[in-house]
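First comes the structure, then the notes that go with it.
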Amino acid sequence: MEQVSNVTTLEEAFEVLTAKLRAMLQLSDQVIDRNAPLIKLGIDSLVAVQVRSWFLKELKVDMPVLKLLGRAPLANICK
1 MEQVSNVTTL EEAFEVLTAK LRAMLQLSDQ VIDRNAPLIK LGIDSLVAVQ
51 VRSWFLKELK VDMPVLKLLG RAPLANICK
């Protein structure tokens with residue numbers, strides 16, 4: 001997986017986040033719809049807490065769990 005510190009574009013951020021989600025959710029290399037909310041990928045509250053922890057550790061961003069579980073498209077979360 002690409003290092004978060006090397007990301008310079010929104011597209012690269014999307015790729016890093018989707019790679020992390022694929023690993024956490026044990027998804028194959030299927031295409032992930034950037035306009036779909038995370039809940040459609042199968043994320044639950046436990047995984048949302050893990051994703052939030054990853055955001056804090058890697059990006060120093062406090063991502064609310066409710067935002068991850070809400071209707072926000074994946075593309076918006078990457079911003």
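Per the UniProt record's numbering, the sequence shown runs over residues 1 to 79. All C-beta atoms, glycine included, are put in the ideal place defined by N, C-alpha and C. Everything numeric in this text was worked out from a predicted model, so none of it was measured.
Per DSSP, which one or two residues make a beta bridge with residue i?
i	result
P64	The partner list for P64 (beta bridge, DSSP) is empty, contrary to what the question assumes.
Please report the residue range of the alpha helix (DSSP H) in which residue i lies.
i	result
Q50	45-54
P31	Here the sequence assigns Val to residue 31, which means Pro is not the residue at that position. Premise fails: V31 is in no alpha helix (DSSP H) and is neither H nor E.
L10	10-25
A75	74-78
Touching by the beta-carbon criterion (3+ pairs, under 8 Å), the segment 55-66 and the segment 24-34: no
Any chance the segment 39-50 sits against the segment 9-16, with 3 or more Cβ pairs inside 8 Å? no
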